[in-house]
Amino acid sequence: MSFLWTVALCAIALAVVEISKWLYRWSNPKCNGKLPPGSMGFPIVGETIEFFKLHGCYEILPFVKKRMSRYGPLFRTNLFGSNTVVLTEPDVIFEVFRKENKSFMFSYPSAIVKPFGKDNMCLEHGGIHKQLKQITLQLLGSKGLKRNMIRDMDRATRDHLRSKASQGSFDAEDAVKSLLLAHLTPKMMSNLKPETQRNLLDQINAFNIDWFQSPLRLTTWKSLYRAYIARREAMKVINDAFTRRKASREKCGDFLDTLVEELEKGSVISDEGFYISLIFGLLIVYKDSTSVAICLAIKFISENPKALAELKREHEAILQNREDKESGVTWEEYRHKMIFTNMLRFMENIWQQHAGYTIPAGWIVAVVPSVVHFDPTIYENPLEFNPWRWEGKELRSASKTFMVFGAGARQCAGADSARLQMSIFIHHLVTKYDFSLAQELELVRSPYPHFPKGLPINISESPKSLV
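Under mature numbering (1 follows the signal peptide of the UniProt record, and there is no 0), read the sequence shown as residues -15 to -1, 1 to 452, first letter to last.
So this is what it looks like as structure tokens:
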């Protein structure tokens, strides 16, 4: 018996030693130089749980703020199972953006990558990423918007608002997402059968980012499962449409034509999987990111009578200067007459993963532009909605203190499209309707901004528009 006890004690002691070594290696990763200060959290999960804690919209991510006060503007952590260094200084952040494909390669932790698929545009580097971005700009860049998008975007927005306003009240968040998809999908694939398009829209709507939350919640795993199913079904529809178009050589004047032409002319990308994933990714990002911007605009101008009055003045002046009041928003009006509208900026807390101290190869470098955007030494009262702060400033290019659309090679390809869609939506909303928030709103981050209870608004046709 004593022998068995000895063996058991030795086994336990050995296990304790090995576990202790493992914990030490986890907390103190190998590095040829000096690692930044910080903590790696618990084994495997790191500090991911704390990262996902719900917090108010008008503050720096508490996870980051707490560590900045303890370790300074640069610290190490572990998120989503990936060793990570977090950067918060504007000069350093801008330099990381500038040196992509040189010192840094754009990347995301695998836990975030998988739901979007391996051929996602955001995950590519070098020539492939450059080619995909150039193709995307043919649709969503300024030339494509002016030539192919603005007229239909205006008509769809006007009709959608008229339909929703007839109800007296509606959830603006759901309505805006439906509008965006109903407009963009035919521009990408114009010859889908009605039932096929409905199926695709259902799957795109089912793929939401509710799964990007704390892994401790059961709803997170349910949302993740639904996202995988939705992506699989949506990709089937897109793949079938791509295959049919390639075989038929039919020309429909849509984005699918562009992709088939790129594939056939033997460009940098020879795998059609990239193009199929590009369509899926653009629909998802357009739905989720542009809708947030428009919903934030509705919320902030509803709560700010001065800003709303200025918007009404600007857009009613545009109407008065038109020969045909029903002709819709033109590119010239958007670029040259919506001065105040283009001053609407919401400095969102958007995390972008990139890559003194040594940062080991293979580590994620997370840049946090929101720390710059919410810095009171750069912006007076940065948490206050104040469009006038941008008066007289150039806002269309990134700078070290303004990176809401990214910077460098990763500057958002859909930035112009998002601005245009928001401007058109606001134009019709403030010139044709009276509206107000239907209830006190809850706006939180987890870490992305969202409205847990939606964005219900009361709306009625403005007496002026009836004259």
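The C-beta atom is built at its ideal place from N, Cα and C for all residues, glycine as well.
What does DSSP give as the partner residue(s) for residue i in the beta ladder?
i	result
GLY23	ARG61
VAL429	GLY41 and HIS435
SER163	In the DSSP output, where bridge partners are listed per residue, SER163 has none listed.
SER384	PHE387
GLY31	PHE27
Can you tell me whether residue i is buried or exposed, with buried defined as 16 or more other CB within 10 angstroms of its CB?
i	result
LEU426	buried
GLN188	buried
PRO448	exposed
residue 462	A query on residue 462 cannot be resolved here, the shown segment of the chain reaching from -15 to 452 and no further.
LEU164	buried
ASP225	exposed
ARG330	Residue confidence is low: ARG330 scores 49 on pLDDT, short of 50, so the model does not pin down where it sits. Its coordinate-derived value is still stated next. Buried is the call here.
LYS284	buried
ILE29	exposed
GLN305	exposed
ARG404	buried
GLN152	exposed
GLN337	Confidence is the limiting factor: at GLN337 the pLDDT is only 36, short of 50, which leaves the residue's position unreliable and the question unanswerable from this model.
TRP(-11)	exposed
LYS417	buried
Within the continuous beta strand (DSSP E) that includes residue i, where are the two ends?
i	result
ASP441	According to the sequence provided, residue 441 is Pro. The question's Asp does not apply to it. It spans 441 to 446 - the beta strand (DSSP E) in which PRO441 sits, taken as one unbroken run.
TYR418	418 to 422
PHE155	154 to 156
Beta-carbon within less than 6 Å of residue i's beta-carbon, same chain only, minus the 5 sequence neighbours each way: which residues are those?
i	result
LYS162	LYS272 and SER276
TYR260	LEU244
ALA423	SER154, PRO441, ILE442 and ASN443
GLY439	ASP156 and GLU158
ILE335	Confidence at ILE335 is low in this model, with a pLDDT of 35, below 50, so the placement of that residue is unreliable and no value is reported for it.
ASN176	CYS237
ILE279	VAL161, MET407 and PHE410
PHE227	ILE261
Using a Cβ-Cβ cutoff of less than 7 Å, which residues in the same chain neighbour residue i once the five nearest sequence positions on both sides are dropped?
i	result
TYR43	LEU368
ASN63	MET25, GLY26, GLY31, GLU32 and THR69
Kindly give me the distance between the Cβ atoms of residue i and residue j, rounded to whole angstroms, as I take these residues to be in contact under 8 Å.
i	j	result
PRO432	LEU46	6 Å
ILE411	VAL314	In fact, because the Cβ distance is near 10 Å, the residues do not count as touching under 8 Å.
LYS172	MET134	7 Å
THR142	LEU267	Actually they do not touch by this definition, with Cβ atoms about 19 Å apart.
GLU446	ALA150	6 Å
VAL1	ILE344	That belief does not hold up - the Cβ atoms of VAL1 and ILE344 are roughly 33 Å apart, past 8 Å.
LEU248	GLU235	Wrong, their Cβ atoms sit about 15 Å apart, outside the cutoff.
LEU20	TYR342	6 Å
PHE420	SER287	7 Å
LEU72	VAL357	The Cβ separation is near 10 Å, so there is no contact.
PRO100	TYR213	6 Å
LEU263	LEU117	6 Å
Residue range of the alpha helix (DSSP H) that residue i falls in?
i	result
ASN190	179 to 191
PRO47	47 to 56
GLN305	290 to 305
LEU368	Counting along the chain, LEU368 falls outside any alpha helix (DSSP H), and DSSP gives it neither H nor E.
THR204	203 to 233
LYS284	276 to 287
GLY258	257 to 270
ALA141	135 to 150
THR243	240 to 249
Using C-beta distances below 8 Å, list every residue in its chain close to residue i, excluding the 5 sequence neighbours before and after it, in chain order.
i	result
VAL452	Bear in mind that a pLDDT of 46 at VAL452, under 50, signals an unreliable position, so the number given afterwards is only what the model happens to contain. If we look at VAL452 and ignore the five residues flanking it on each side, it has no Cβ neighbours.
GLY129	LEU122 and GLN123
HIS435	VAL277, LEU428 and VAL429
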